[in-house]
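Scroll down for the structure; my scribbles are underneath it.
There are 2 protein chains.
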Amino acid sequence: MAKVCILRLGHRRLRDQRITTHVFLTARALGATEGVLCGERDESVLRGIEKVSEVWGGKFPIRYEENWQLFIRKKKRDGWKIAHLTMYGIDFRRVLLKKKVDKCVVVVGAGKVPQEIYELADYNVSVTNQPHSEVAATALFLDRLFGGKELGKKFEGKIRIVPKACGKLVVHGKNSLRDINESD
Amino acid sequence: MAKVCILRLGHRRLRDQRITTHVFLTARALGATEGVLCGERDESVLRGIEKVSEVWGGKFPIRYEENWQLFIRKKKRDGWKIAHLTMYGIDFRRVLLKKKVDKCVVVVGAGKVPQEIYELADYNVSVTNQPHSEVAATALFLDRLFGGKELGKKFEGKIRIVPKACGKLVVHGKNSLRDINESD
């Protein structure tokens with residue numbers, strides 16, 4: 001699967017805490033490999049995501065980056081493509097159909113983003129041209145990039161859910177994966 | 001396309017305003033037909049979504065419903081299926097593969113939901129069994145239900161975006177659809 005770094009651009013501590021957290025949780029659950037927070041430094045977002053990975057498993061390193069331009073330029077030099085999710089961009093499906101993307105930084109803006117990101121990005125892509133949600137856009141972009149395979153990703157954590165038609169079944173303990181015969 | 005009502009269950013005015021708004025905006029952009037807000041009454045969410053439909057087009061009636069149990073029971077009597085999105089449920093793809101769903105209430109919980117919804121639902125479905133976001137889960141559920149067709153949905157509004165590889169192009173005016181030769 002492609003390597004994907006989710007870069008949250010222009011995070012505002014008071015306003016965006018929950019949405020930014022949802023963006024990163026979605027990224028982690030749907031197969032992205034790392035997260036980078038830009039804008040206002042916000043330890044509670046970083047620690048929250050780290051805590052989820054610790055409990056639920058999977059590797060999803062996340063960190064704060066003060067200078068997003070430098071970070072993106074370095075990634076480009078290292079051969080990464082930059083996809084900027086924006087409602088003004090071209091249909092993401094067209095880009096994903098035409099381009100083979102092995103290493104991709106997905107830029108997810110909060111509020112109004114600086115004009116510069118449109119120029120730095122290799123692809124300015126939209127998930128519909130309607131106003132909706134960067135969380136939904138991140139989910140659908142990753143889903144199409146990974147061709148749906150991300151939905152079968154296995155996580156080995158301290159805790160896991162055994163899918164049920166009604167009610168809840170949570171299994172605790174490091175060996176949870178061996179303790180249960182999965183019905184799924 | 002199937003008729004889909006998105007029911008936000010247990011909305012909390014202070015905590016959930018942005019996430020609930022993102023759930024409904026995502027629902028509207030991705031082809032759902034109506035929205036129902038349950039939990040705390042919140043005019044600003046309702047008015048915000050109505051305003052988006054007014055400006056960007058499309059029909060997406062939204063309203064507050066005090067008694068969600070009554071609402072769901074009535075929908076069931078009218079032949080609607082109830083799909084409850086929960087990380088504890090069975091893989092949504094399995095349900096959508098096996099069942100033909102014409103009219104569906106998608107229940108999207110905020111915080112901890114009452115046990116009763118698990119029993120009222122025809123399907124308790126998960127979009128992965130990892131913690132992530134009800135916005136992402138709503139997006140992926142609708143995308144699979146509609147088979148991706150929702151991404152091509154046309155909206156006739158007072159304003160529209162012409163997709164661009166770099167920068168922004170917004171067209172205003174009622175006749176915007178006729179004024180522009182789409183490059184897309």
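Residue numbers (our numbering), protein chains in the order written: chain A, 1 to 184; chain B, 1 to 184. We put the CB at the ideal spot given by N, CA and C, even for glycine. All figures in this text were calculated on a predicted structure; none of them were measured in a lab.
- Chain-ordered, the chain A residues with CB closer than 8 Å to the CB of GLU119 (chain B) read CYS166.
- The beta-bridge partner set that DSSP reports for CYS104 (chain B) consists of B:VAL4 and B:LYS81.
- Listed along chain B, the residues sitting closer than 7 Å to GLN130 (chain A) by beta-carbon distance are ALA29, TRP56 and PHE155.
- Residue burial annotation: LYS59 (chain A) is exposed, with fewer than 16 other C-beta atoms found within 10 angstroms of its C-beta.
- For GLY157 (chain A), no beta strand (DSSP E) encloses it, and the DSSP letter there is neither H nor E.
- Chain A places a beta carbon closer than 9 Å to that of ALA139 (chain B), counting this residue as a contact.
- Distance from the CA of ARG144 (chain A) to the CA of LEU30 (chain A), rounded to the nearest whole angstrom, comes to 11 Å.
- Straight across, the Cα-Cα distance linking VAL170 (chain A) with GLU65 (chain B) is about 32 Å.
- Think of a sphere of 8 Å around the beta carbon of PRO163 (chain A): the chain B residues whose beta carbon falls inside it are TYR88, GLY89, ILE90, ASP91, SER126 and ASN129, in chain order.
- Bridge partners of HIS11 (chain B) according to DSSP: B:GLY39.
- The bridge partners DSSP lists for HIS172 (chain A) are A:ILE159.
- Between the C-alpha atoms of HIS22 (chain A) and ARG13 (chain A) there is a straight-line separation of about 14 Å.
- With distances taken between CA atoms, VAL107 (chain A) lies nearest to A:LEU37 out of A:ALA2, A:LEU37 and A:ILE19.
- In this structure, LEU97 (chain B) lies away from VAL125 (chain B), with their beta-carbon atoms at least 9 Å apart.
- Within the model, the alpha-carbon separation for VAL55 (chain A) versus LYS153 (chain A) is close to 16 Å.
- Under the 8 Å Cβ criterion, the region 129-147 of chain A counts as touching the region 130-146 of chain B, having at least three qualifying pairs.
- Under the three-state reduction of DSSP, GLU34 (chain B) is assigned to strand.
- Rounded to the nearest angstrom, the gap between the Cα atoms of VAL52 (chain B) and ASN67 (chain A) is 34 Å.
- DSSP places VAL125 (chain A) inside the beta strand (DSSP E), whose first and last residues are 123-126.
- Across the set B:LYS168, B:ARG28 and B:PHE24, the C-alpha of B:PHE24 shows the shortest separation from the C-alpha of VAL45 (chain B).
- Under DSSP, ASP91 (chain A) shares a beta bridge with A:SER126.
- Between LYS164 (chain B) and the set A:ASP91, A:LYS76 and A:LYS99, the nearest pair of CA atoms involves A:ASP91.
- ILE62 (chain A) is bridged by DSSP to A:GLY35.
- Exclusion of the five residues before and after ASP102 (chain B) leaves ALA2 as the residues of its chain whose Cβ lies within less than 6 Å of its Cβ.
- Contact check for ALA110 (chain A) and GLY167 (chain A): beta-carbon distance about 37 Å, past the 8 Å limit, so the pair fails to qualify.
- For GLY109 (chain B), the beta-bridge partners assigned by DSSP are B:LEU9.
- If you draw a straight line from the Cα of HIS172 (chain B) to the Cα of ILE159 (chain B), it comes to about 5 Å.
- Contact annotation, VAL105 (chain B) with LYS75 (chain B): C-beta distance approximately 5 Å; criterion of less than 8 Å satisfied.
- Approximately 4 Å separates the beta-carbon atoms of ILE62 (chain A) and GLY35 (chain A); this is inside 8 Å, confirming the contact.
- DSSP places ALA139 (chain B) in the uninterrupted alpha helix (DSSP H) bounded by 134-145.
- Counting only the Cα atoms, ARG47 (chain A) lies some 29 Å from VAL127 (chain A).
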